[in-house]
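Comments concern the structure below.
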Amino acid sequence: MNETINLHCDPRTEQYKLALTVGIWFYNLMPFFIGLLINYFGSRFVKLVAALFHIAGWLTLAFVEPGKDYLIFLHTIFTSISSAIILITGFAYCRYFGDGVRAVISSIVSGASISSTMWFSIFQVNH
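Using our numbering, read the sequence shown as starting at 1 and increasing by one per residue.
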């Protein structure tokens, strides 16, 4: 009566990989459009929109449950768009600093944005 059930997470892992791929695609696609938005609306407004996208992305992740797996894709899209906006507008803000610290500020901003891809690995290990 003691049966061992072998559960495979391969479909779920493939779905996470696909969501990450979609997120990377949106992250790399957005800089062209972000530049146009910054020229038209200004850096501060575009950064505010990025904050709203970031909040929306994390809220969609909070509501993920069985049967609502599509929210993972929305999370990666919103988070990727907001991360790209934060990175690009961060470079625009680096010009306000002096020559001695401009490179340090730029590397901190880009490092913070690039490190956002670690969340997939954390969820993969913890799940």
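Glycine residues also receive a C-beta, built at the ideal position from the N, C-alpha and C atoms.
Exposure of Tyr70 is indicated by the presence of fewer than 16 other C-beta atoms within 10 angstroms of its C-beta. Listed in chain order, the non-local C-beta contacts of Phe78 below 6 angstroms within the same chain comprise Phe53, Ala56 and Gly57, local neighbours out to five positions each way being set aside. Here the alpha carbons of Gly111 and Thr21 stand approximately 20 angstroms from one another. Around Ser43, the same chain offers Thr89 and Ala92 as residues with beta carbons nearer than 6 angstroms, after the five sequence neighbours per side are excluded.
CA-CA distance, Gly67 to Phe73, rounds to 13 angstroms. The alpha-carbon of Asp99 is positioned some 11 angstroms away from that of Ser106. In the three-state reduction of the DSSP assignment, Gly100 falls in the coil class, being assigned neither a helical nor a strand state.
For Pro31, the uninterrupted alpha helix (DSSP H) run begins and ends at Asp10 to Phe41, by DSSP.
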